[in-house]
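Enquirer: I am attaching a structure below and will ask some questions about it afterwards.
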Amino acid sequence: MNYGLIGDPITHSLSPSIHNRNFGALNESSIYHLYEDYSIEKSLKEFMEVNDIKGLNVTFPYKSVVLKDLNELTPISKQLGSVNTILRNHDQLIGHTTDGLGFIDAYKEMIIDSEHILLIGFGGACKPIFYELTKLNKDITIMKRNISECQYEPFIHDESRSEVKTVEFDPNHVLDGYCLVVNTTPVGMNDEMVLTNFNVLPKYAIDIIYKPLMTPWLERMKLHGVTVDHGIGMLVHQAAHAYHFWTSRQARIDSMIEAVQDTLN
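Residues 10 to 274 (the numbering used here) make up the sequence shown, in order.
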């Protein structure tokens, strides 16, 4: 059975290592490919049929544009207006979003212990996280540039009791009152510091970046005694949710984590 990833660029994706290690651990003959020849001009259903693809992951820039080719969306994907996982079930294509679920599973203990959470950024990576946190009724402050353009209301879970606030991005923002701070922006990939004020500290800090594993901001937080984590957990757990969506089976999380560690080392 074939599975794979569409997006551009995807050459350096860790997904093949993660999923193929999982298939091996479960003694499955399935193979996960990078489908770099896919383009939005092609019929997605025909592309999956011709290549005998059972399931796909979707990344930038296709997460929203593939919706036109799908027959069905899970409730979360319908609300977010994007997908990162597609299942071909006979002649039907069903879209799902596993990023937020992966975030919750990866950092569950931190999240349960945090009543007020600061999210830095509100791009495509953040919206599924925000949705799942509002589902858990967490109080959230969103910090981003051009905060007047931040339309977060459509991404709140329907039954949420979360209190949501917004603040303009400021690297010197005082982290007073937050139990958990999450960086969802790419800042940090090039040795940049997303926040520079360490006078008041949260209990936990997460950076969803995993290249590098420890961004300068995360390193500084750890140095100050904050419990920190990087993006590998979210990457692996969203992959596990995708595998479950495709197969209705549980992934081998331990094997997936080993695959990432081996690849990055």
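Backbone N, C-alpha and C define an ideal beta-carbon position, used for all residues, glycine too.
Please specify which runs of the beta strand (DSSP E), each continuous and at least 3 residues long, are wholly inside the segment 141 to 172, giving them in chain order.
Expert: Within the segment 141 to 172, the beta strand (DSSP E) runs of at least 3 residues that lie entirely inside it are, in chain order, 148 to 153.
Enquirer: Please work out which residues of its chain come closer than 6 Å, Cβ to Cβ, to isoleucine 103, disregarding the five sequence neighbours upstream and downstream, and give them in chain order.
Expert: Translated into the one-based positions of the sequence shown, residue 103 becomes position 94. So the list reads Glu81, Leu96, once near-sequence residues are dropped.
Enquirer: Count the other CB atoms, across all protein chains shown, that sit within 10 Å of the CB of aspartate 179; report buried if there are 16 or more and exposed otherwise.
Expert: The sequence position of residue 179 within the sequence shown is 170, counting from 1. Classification of aspartate 179: exposed, given that the 10 Å Cβ count is below 16.
Enquirer: Identify every residue that forms a DSSP beta bridge with aspartate 216.
Expert: Indexing the sequence shown from 1 puts residue 216 at position 207. DSSP output for aspartate 216 lists Asn192 as bridge partner(s).
Enquirer: Is it buried or exposed, phenylalanine 131, if we count other Cβ atoms within 10 angstroms and call 16 or more buried?
Expert: In the sequence shown, residue 131 corresponds to position 122, counting from 1. The residue in question, phenylalanine 131, is buried, as its Cβ has 16 or more Cβ neighbours within 10 Å.
Enquirer: Got a sec, what are the start and stop residues for the beta strand (DSSP E) threonine 236 sits in?
Expert: The count along the sequence shown starts at 1 and reaches residue 236 at position 227. From DSSP, the beta strand (DSSP E) with threonine 236 extends over 236 to 238.
Enquirer: Buried or exposed: where does methionine 265 fall if 16 or more other Cβ atoms within 10 Å of its Cβ makes it buried?
Expert: Position 256 of the sequence shown holds residue 265. Methionine 265 comes out buried.
Enquirer: Closest by CA to glycine 64, which one among Ala34, Pro84, His105?
Expert: Here residue 64 refers to the residue found at position 55 when the sequence shown is read from its first residue. For glycine 64, the nearest C-alpha among the options comes from His105.
Enquirer: Leaving out the 5 sequence neighbours to the left and right, which residues in its chain are closer than 8 Å to phenylalanine 69 when beta-carbon positions are compared?
Expert: Looking up residue 69 in the sequence shown gives position 60. Sequence-distant Cβ neighbours of phenylalanine 69 in its own chain, meaning closer than 8 Å and more than five residues away, are Gly16, Asp17, Gly133.
Enquirer: Which residues bound the beta strand (DSSP E) around arginine 261?
Expert: Within the sequence shown, residue 261 is the residue found at index 252, counting from 1. It is not in any beta strand (DSSP E) - arginine 261 carries neither H nor E in the DSSP assignment.
Enquirer: Have a look at the DSSP bridge pairing and note the partners of valine 269.
Expert: For the purposes of this step, residue 269 is taken as the residue at position 260 of the sequence shown. In the DSSP assignment, valine 269 forms no beta bridge with any residue.
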